[in-house]
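The next block holds one structure in the form of structure tokens; read it before the comments.
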Amino acid sequence: MTKKQSTLNVHEQKSWSTKAFHLILCTTGIVFGYTIFGYIQEKVFLTNYGNEGEKFNYVLPLVFFQCSVNALTAMFCSKISGNTIKKDTVPRGSYAIIAISYLIAMLTSNSALKHVPYPTQVLGKSCKPIPIMILGVLFASKHYKLKKYLYVLLIVIGVVIFSYKGSKAGSKSGFSFGYGELLLLISLTADGTTGAIQDRIRRDHYSDKWGMMFFMNLFSSIYLFIYTFYSGELMGFYAFIQKHMEALYLILSLSFASALGQCFIFKTVTEFGPLTCSIVTTIRKIISIILSVVAFGHYFSTQQAIGTIIVFGALLLDAIESKKAASSKQKRFFLFFVLFFTIIGGNIPITLKFMNRIYDILDFVNLFLIKKEYMFLLQYLNCYISQ
0 MTKKQSTLNV HEQKSWSTKA FHLILCTTGI VFGYTIFGYI QEKVFLTNYG NEGEKFNYVL
60 PLVFFQCSVN ALTAMFCSKI SGNTIKKDTV PRGSYAIIAI SYLIAMLTSN SALKHVPYPT
120 QVLGKSCKPI PIMILGVLFA SKHYKLKKYL YVLLIVIGVV IFSYKGSKAG SKSGFSFGYG
180 ELLLLISLTA DGTTGAIQDR IRRDHYSDKW GMMFFMNLFS SIYLFIYTFY SGELMGFYAF
240 IQKHMEALYL ILSLSFASAL GQCFIFKTVT EFGPLTCSIV TTIRKIISII LSVVAFGHYF
300 STQQAIGTII VFGALLLDAI ESKKAASSKQ KRFFLFFVLF FTIIGGNIPI TLKFMNRIYD
360 ILDFVNLFLI KKEYMFLLQY LNCYISQ
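Take numbering that gives the first Met the number 0: the last position of the sequence shown gets the number 386, and nothing is skipped along the way.
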């Protein structure tokens, strides 16, 4: 009996150690890919090109490059995974429809950067729970817990604090809401629509992660190519690139960083669920805002910092609360590990020391259930470091 239990424990530990490795991989991929993506994206729009100081204004071709590289990357990943796209049972017409809202979200988000600083864009895009909740209540007759409404209210309060301009000499106090903020609002609504359709697709059909990534980006690329070709913007973009080749290098780098991040986004959603993914991406956005302020010298007042903390604090609380309701204790534990791992900068030995201290505290207060969860990963990490 003891031998059988021991064998089961070994298999269970191997299973959790594999999940831990994949979660670390996904977290690193998302944080690295999208942090680089955000930096290059901002640089594309802020750079003065040539002696004339031209600005880049070709959003449609930029997004076309992103979608094309994303589609090619998804096809490559599918091939090395056994051609999994063929197993996808989602009607192609559904992907053609969802690509429209996906495309609108990307276009408006990129266009907003011409009117608002990158930290404002990231903060605005982080308010995705608001349209999701509104659309869910109005069109899906969904009911949410009181805590969910509280977290969304905190997000709204944080955005209001961030956007409010106090009175200064010669200026009026009030809220800053212009064309850039309107574009972010449209992007948020489109994101909420995309998420709702994706949930419906996953519920009714088998959706392969590479299949969804491939077809959404493929249809988006087709739409963009047709429009940019007939509108003449493609020729304008080509002329701009001929004069400023450095812009093309930036766009290609941006597209590959986006593809890397999106691969790990789809992998995380498929293997760990959207809640885990939302926590990882929230952490990534915090890092991106800090990098943007440091690298590009954006003015960031104490008031804006407070608003940002409230928004991201509410997002993390909402995601962790949802995770508690939807997952087992073991899965929650790996969520905590991702937080520690990311905060400490991806250093596994330091993370291990940090978590060993937490285990000592758990041992002191006799929390047996959580201690058991910690043991699984601590054993795995010790094996990993000793190799």
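No residue lacks a Cβ here, since even glycine has one placed at the ideal position from N, Cα and C. Quick caveat: nothing in here was measured; it's all calculated off a predicted structure.
CB contact flag (residue i, residue j, <8 Å)
| i | j | result |
| --- | --- | --- |
| S77 | S220 | no |
| F64 | I240 | no |
| G37 | Y117 | yes |
| G210 | H114 | no |
| F213 | M74 | yes |
| S108 | F311 | no |
| V279 | T269 | no |
| H410 | Y48 | The first residue shown for the chain is 0 and the last is 386, placing residue 410 beyond what the model contains. |
| I150 | A313 | As written in the sequence, residue 150 is Tyr, which differs from the Ile given in the question. Cβ atoms of Y150 and A313: closer than 8 Å. |
| T34 | L290 | yes |
| G123 | L187 | yes |
| A258 | T72 | yes |
| M234 | I97 | no |
| I156 | P128 | no |
| I23 | A256 | no |
| I29 | I264 | yes |
Counted within 10 angstroms of its Cβ, other Cβ atoms place residue i as buried (16 or more) or exposed
| i | result |
| --- | --- |
| D203 | exposed |
| V293 | exposed |
| S80 | exposed |
| A238 | exposed |
| F271 | buried |
| F236 | buried |
| I133 | exposed |
| E245 | exposed |
| Y57 | buried |
| K54 | exposed |
| Y148 | exposed |
| T193 | buried |
| N50 | exposed |
| R91 | exposed |
| F228 | exposed |
N- and C-terminal bounds of the alpha helix (DSSP H) containing residue i
| i | result |
| --- | --- |
| D190 | Y178 to D203 |
| K113 | Looking at the DSSP string, K113 is not in any alpha helix (DSSP H), and its letter there is neither H nor E. |
| P60 | V58 to I79 |
| T88 | Careful: T88 lies outside any alpha helix (DSSP H) and carries neither H nor E. |
| K266 | M244 to F271 |
| N219 | The question names Asn, but residue 219 in the sequence shown is Ser. Note, S219: alpha helix (DSSP H), K208 to S230. |
Residue i, DSSP secondary structure in three states
| i | result |
| --- | --- |
| Y143 | coil |
| L368 | Low local confidence applies: a pLDDT of 41 at L368 is under 50, so the model's placement there is unreliable, with the coordinate-based value given in what follows. Three-state result, L368: helix. |
| E51 | coil |
| Y163 | strand |
| Y298 | coil |
| T17 | helix |
| K127 | coil |
| T450 | The first residue shown for the chain is 0 and the last is 386, placing residue 450 beyond what the model contains. |
8 Å Cβ cutoff, residue i in contact with chain C
| i | result |
| --- | --- |
| L315 | The structure shown contains no chain C, having only a single protein chain. |
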